[in-house]
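Q: Take this structure, written in structure tokens, and hold onto it; I'll ask about it next.
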């Protein structure tokens with residue numbers, strides 16, 4: 328590689344100014360991704376702290392560490408922060424922001440200034456949330472159900488609602504930017520069916536963001552005006568319908584579950600193909616099933632409301648439609664498995680995270696089918712069974728995928744390699760810690776332990792002790808990447824341009840990439856995952872055995 | 264490589280790509296707006312389904328004449344901004360200035376009429392919130408409150424969008440005087456126009472639902 332030494336290597340981290348001001352006024356999608364990454368890491372730590380306090384309280388059956396009131400505030404804070412300030416932006420706003428223009432061969436997103444604006448809106452909404460927290464928290468749960476939220480709760484509901492309302496616009500702007508970018512900014516030769524599945528996944532996510540988020544926005548706005556001015560819309564005393572709030576809330580929040588999992592599926596497809604060195608099995612079906620999940624996701628919200636008093640026939644239909652989501656989801660799991668089959672598998676850190684994702688997502692998905700059956704749901708509704716189910720999807724799925732993707736693309740983000748041993752160790756620690764935390768919750772939930780209680784009868788104690796022990800291991804597991812990746816930025820070995828030998832345009836530019844991504848505009852001549860071909864890229868460093 | 268036009272932003276390859284992206288972006292944004300108002304229309308539909316009598320009585324209490332006047336004003340403003348869009352494309356800046364001014368004035372006129380309606384409702388004790396006294400001639404005063412709550416929420420949100428629209432048209436007026444780059448101005452006026460039309464379309468649904476359907 329003679330030209331690597333002779334030509335200057337512009338680098339988005341250094342060129343374009345390294346002062347704080349240059350970073351806060353940047354419109355480079357790669358730098359905006361960093362702004363998001365730092366912010367969501369902060370909120371992840373805040374949300375985790377609330378969760379740890381809850382797990383400590385639940386170590387004993389008596390309510391001894393937190394009062395019931397305080398416990399309510401903790402799980403509300405945990406939910407609000409983790410859903411809207413971590414999970415929703417987690418992959419799209421960080422890895423998506425960084426990678427989509429690189430993967431499609433563009434210089435930036437279609438609207439770079441809008442991209443920066445979306446981060447400022449996020450920060451503004453986050454300020455309201457921090458304010459609500461510091462001022463004493465909220466006790467409505469993350470769902471803000473009326474009339475509890477509109478008439479009875481006396482925490483800082485208005486501030487929390489405004490925070491969520493505002494942050495919604497940041498994801499809408501990200502969504503618009505991604506949709507337009509994927510439609511209009513693809514490099515010559517980058518046809519729709521040559522797009523990496525990561526781009527497909529973020530594209531589908533963007534559609535959900537644009538279509539579902541405004542519904543949440545108007546719904547929360549109506550609750551806000553009811554609290555602030557007394558303009559009662561859901562107020563049953565005026566003949567308003569509190570159940571309508573739940574319908575509208577879940578019309579957003581169920582598709583939002585797919586905002587929180589589809590990008591993870593995109594990451595895993597990239598990782599599995601690269602570390603098995605094979606084409607993704609059934610590329611067309613993989614892309615199609617991403618779109619199918621996004622579409623079906625809009626038709627299933629009623630499965631959150633089986634015991635709310637909605638009509639039994641409506642429940643039946645919602646249950647049936649929810650089963651349908653399992654079809655494209657299963658296609659994805661089977662196709663990942665088929666991709667692994669007879670591949671040259673390397674158990675790098677990223678691969679360990681991806682394999683963890685597949686296992687945990689499968690458990691989360693199958694228990695989702697149980698919950699979509701009305702007869703079972705009536706039994707386990709509002710128990711720890713539900714808590715365990717959605718944590719398997721959102722934490723076991725999305726957070727695993729986020730960390731896997733972060734490790735995989737870290738050499739591209741920073742130009743540095745992290746310590747491979749500690750990377751693998753963290754993947755295993757998180758996998759074990761996660762299962763230890765949440766698998767007991769399936770069991771105690773099925774036995775009848777209800778969610779959102781700070782004290783419980785002693786028969787559940789062993790399961791709670793296991794779960795709390797797991798939470799400590801999980802917390803340690805989450806700190807390891809923070810240390811390992813942080814250390815690599817200071818001391819890590821320089822990464823080559825393509826340390827994993829991956830296909831994809833992002834690996835064809837330098838690490839870290841120059842400000843406008845490519846020295847020469849790329850032209851695409853082949854499909855996305857041509858690992859089988861003779862001239863497939865080779866790892867730009869020695870692979871560990 | 265040929266000279267890059269000055270109006271071309273760095274991330275695009277040519278002006279066609281830039282124009283297509285700008286316009287598409289605005290359409291996707293409007294899609295969001297449709298869902299934003301759409302949920303509110305759904306709330307209205309459910310409330311009306313549950314309490315048809317109260318909503319019919321409430322509709323009689325609104326001033327249909329002023330509503331009709333406002334509809335005419337707003338539709339005319341849409342015509343004006345459509346002409347402005349064509350004028351900017353032909354680089355007829357004087358015509359564009361007149362048409363944008365007309366749009367702005369008509370928009371402000373709408374807001375003035377709407378404000379006057381609110382004032383009348385305030386005087387007649389039809390404001391059911393902020394602890395104001397509320398009078399309702401019919402039997403179901405509680406559902407009447409719900410009707411007026413929805414009326415103020417829906418028309419208020421629409422008026423807020425119109426205020427944003429007026430701000431956009433002001434910006435377009437300023438750009439129309441200052442801009443040296445016709446290609447960029449065309450895209451900007453096109454985006455502002457699309458937004459303005461959208462706000463009109465919302466009113467086209469609000470007007471019959473609130474004032475006319477009895």
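Chains as they are written, first to last, in this note's numbering: chain Z, 328 to 872; chain S, 264 to 477. Ideal Cβ placement from N, Cα and C applies to all residues, glycine included. None of these values were measured; they are calculated from a predicted model.
1) Measuring CB atoms only, is the region 377 to 391 of chain Z touching the region 797 to 816 of chain Z, in the sense that at least three cross pairs come out at less than 8 Å?
2) How about residue 765 of chain Z and residue 807 of chain Z: are their beta carbons less than 8 Å apart?
3) Taking only beta-carbon positions, decide if residue 288 of chain S is within less than 8 Å of chain Z.
4) Report the partner residues of residue 821 of chain Z according to the DSSP bridge assignment.
5) Going by DSSP in three states, residue 870 of chain Z sits in which element: helix, strand or coil?
6) Tell me, which residues are paired with residue 841 of chain Z by DSSP?
7) From the beta carbon of residue 503 of chain Z, is the nearest beta carbon of chain S less than 8 Å away?
8) In the DSSP assignment, what residue or residues form a beta bridge with residue 710 of chain Z?
9) For residue 529 of chain Z, which of Z:544, Z:549, Z:546, Z:499 has the nearest alpha-carbon?
10) Just the chain S side, please: which residues come within less than 8 Å of residue 556 of chain Z by C-beta, in chain order?
11) In three-state terms, what does DSSP make of residue 281 of chain S?
12) With DSSP as the reference, label residue 603 of chain Z as helix, strand or coil.
13) Using a Cβ cut-off of 8 Å, pull out every chain Z residue sitting near residue 406 of chain S, in sequence order please.
14) Enumerate in chain order the residues of its own chain whose CB-to-CB distance from residue 508 of chain Z is below 7 Å, with the five nearest sequence positions on each side excluded.
15) On the three-state DSSP scale, how would you describe residue 358 of chain Z?
16) What residues in the region 340 to 356 of chain Z have a beta carbon less than 7 Å from any beta carbon of chain S?
17) Out of curiosity, what's the CA-to-CA distance linking residue 379 of chain S and residue 316 of chain S?
18) Kindly list, in the order they appear in chain S, the residues whose Cβ is closer than 7 Å to that of residue 853 of chain Z.
19) For residue 784 of chain Z and residue 777 of chain Z, what's the separation of their Cα atoms in angstroms?
20) From Z:408, Z:350, Z:469, Z:483, pick the residue whose C-alpha is nearest to that of residue 443 of chain Z; which is it?
21) Touch check for the region 393 to 410 of chain S and the region 422 to 433 of chain S: three-plus C-beta pairs under 8 Å?
22) For a cutoff of 8 Å on Cβ pairs, would you count residue 373 of chain S as touching chain Z?
23) Could you check whether the Cβ of residue 295 of chain S sits closer than 8 Å to any Cβ belonging to chain Z?
24) In the DSSP assignment, the alpha helix (DSSP H) including residue 451 of chain S goes from what residue to what residue?
25) Out of curiosity, what's the CA-to-CA distance linking residue 534 of chain Z and residue 856 of chain Z?
26) Go to residue 659 of chain Z, then tell me how far its alpha helix (DSSP H) extends in each direction, as first and last residue.
27) I need the boundaries of the alpha helix (DSSP H) containing residue 852 of chain Z, first residue and last residue.
28) Grab me the residues of residue 605 of chain Z's own chain with a C-beta within less than 6 Å of its C-beta, minus the 5 sequence neighbours each way, in chain order.
29) Rounding to the nearest angstrom, what Cα-Cα distance links residue 866 of chain Z and residue 602 of chain Z in this structure?
30) Would you say residue 438 of chain Z lies against chain S (beta-carbon separation less than 8 Å)?
31) Between the beta-carbon of residue 557 of chain Z and the beta-carbon of residue 567 of chain Z, is there less than 8 Å?
32) Residues of the region 294 to 321 of chain S in Cβ contact with chain Z at a cutoff of 9 Å, in chain order, please.
33) Pick helix, strand or coil for residue 316 of chain S, following the three-state DSSP scheme.
34) Is any beta-carbon of chain S found at less than 8 Å from that of residue 586 of chain Z?
35) Can you pull the chain Z neighbours of residue 291 of chain S, defined as C-beta to C-beta under 7 Å?
36) Under 7 Å, CB to CB, which of the residues in the region 407 to 424 of chain S have a partner in chain Z?
A: Looking at the atomic coordinates:
1) Yes, they touch.
2) Contact check for residue 765 of chain Z against residue 807 of chain Z fails: the beta carbons are separated by 8 Å or more.
3) Yes, residue 288 of chain S counts as interfacial toward chain Z.
4) Z:743.
5) For residue 870 of chain Z, the predicted model reports a pLDDT of 47, less than 50, meaning its position is unreliable and no value from the coordinates is stated.
6) The partner list for residue 841 of chain Z (beta bridge, DSSP) is empty, contrary to what the question assumes.
7) Yes, contact with chain S.
8) Bridge partners of residue 710 of chain Z: Z:777.
9) The shortest Cα separation from residue 529 of chain Z among Z:544, Z:549, Z:546, Z:499 belongs to Z:499.
10) The answer, in chain order, is 392, 393.
11) Residue 281 of chain S: helix per DSSP, three-state reduction.
12) When secondary structure is reduced to three states using DSSP, residue 603 of chain Z falls in the helix class.
13) Those within 8 Å of residue 406 of chain S in chain Z are 565, 566.
14) Cβ within range, chain order: 427, 428, 433, 436, 437.
15) Helix at residue 358 of chain Z.
16) Of all residues in the region 340 to 356 of chain Z, none comes within less than 7 Å of chain S when Cβ atoms are compared.
17) Distance between the alpha carbons of residue 379 of chain S and residue 316 of chain S is about 27 Å.
18) Neighbours of residue 853 of chain Z across chain S, judged by C-beta separation under 7 Å, do not exist; the nearest C-beta is about 22 Å away.
19) Within the model, the alpha-carbon separation for residue 784 of chain Z versus residue 777 of chain Z is close to 11 Å.
20) For the residues Z:408, Z:350, Z:469, Z:483, the minimum Cα distance to residue 443 of chain Z belongs to Z:350.
21) Not touching, per the Cβ criterion.
22) Residue contact check for residue 373 of chain S against chain Z: no CB pair falls below 8 Å.
23) Look at residue 295 of chain S: its C-beta is under 8 Å from a C-beta on chain Z.
24) Segment 445 to 470, the alpha helix (DSSP H) holding residue 451 of chain S.
25) For residue 534 of chain Z and residue 856 of chain Z, the distance between alpha carbons rounds to 25 Å.
26) Going by DSSP, residue 659 of chain Z is part of the alpha helix (DSSP H) stretching over 639 to 667.
27) Neither: residue 852 of chain Z is in no alpha helix (DSSP H) and is coded neither H nor E.
28) Only 666, 670, 858 meet the Cβ criterion.
29) When rounded, the distance between both Cα atoms is 11 Å.
30) Any Cβ of chain S closer than 8 Å to the Cβ of residue 438 of chain Z would place that residue at the interface, and such an atom is present.
31) Between residue 557 of chain Z and residue 567 of chain Z, the C-beta gap is not smaller than 8 Å, which leaves the two residues out of contact.
32) Against chain Z - using a Cβ distance shorter than 9 Å - the residues of the region 294 to 321 of chain S are 294, 295, 296, 297, 298, 299, 300, 301, 302, 303, 305, 306, 309, 310, 313, 314, 317.
33) The answer is helix: DSSP assigns residue 316 of chain S an H, G or I state.
34) False, the Cβ-Cβ gap to chain S never drops below 8 Å.
35) Chain Z residues near residue 291 of chain S: 503, 506, 507, 537.
36) Under the 7 Å Cβ criterion, the region 407 to 424 of chain S contributes 408, 409, 412, 413, 415, 416.
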